[in-house]
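Please read the structure below before turning to the comments.
Numbering (UniProt numbering), first residue to last: 1 to 117.
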């Protein structure tokens, strides 16, 4: 095994931690979900987002609690979601405080779709 290091080469006797992903992890890593800050809802220590689902009665929002990876250095980047969403989920950006879990909504697309589409 060889390791590429940036500026400081490793010296004999140094200890490193290496994560070797299995094939399933490598496949999952190729399709990841990222959200802008505008899609996040904070409730105490919990983080969620409103996901739009198609039902027989139309489009309905549901509150989905999610787990995030470390936030990016600046707010203009997408934040990786590690649990709670899948590629292709449609989320609400800048949701109104009046928008509630289970409420019927009308979709009006605007801008790029950030949840993997």
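Note that beta-carbon positions come from the ideal geometry of N, C-alpha and C, so glycine has one too. The structure displayed is predicted, hence computed values, not measured ones.
query                                                                               : result
DSSP state of residue 54 mapped onto helix, strand, coil                            : strand
Candidates 58, 94, 108, 89, of which the one nearest residue 40 by Cα               : 94
Limits of the beta strand (DSSP E) - the one that residue 107 falls within          : From DSSP, residue 107 is part of no beta strand (DSSP E); its letter is neither H nor E.
Burial state of residue 49 (16 or more Cβ within 10 Å)                              : buried
Given residue 42 as reference, the closest of 87, 63, 86 once Cα atoms are compared : 63
Option nearest residue 121 by Cα separation, candidates 38, 13, 97, 51              : In the structure as shown, the chain starts at 1 and stops at 117, and residue 121 therefore has no counterpart that could be examined.
Through-space distance from residue 67 to residue 83, alpha-carbon basis            : 5 Å
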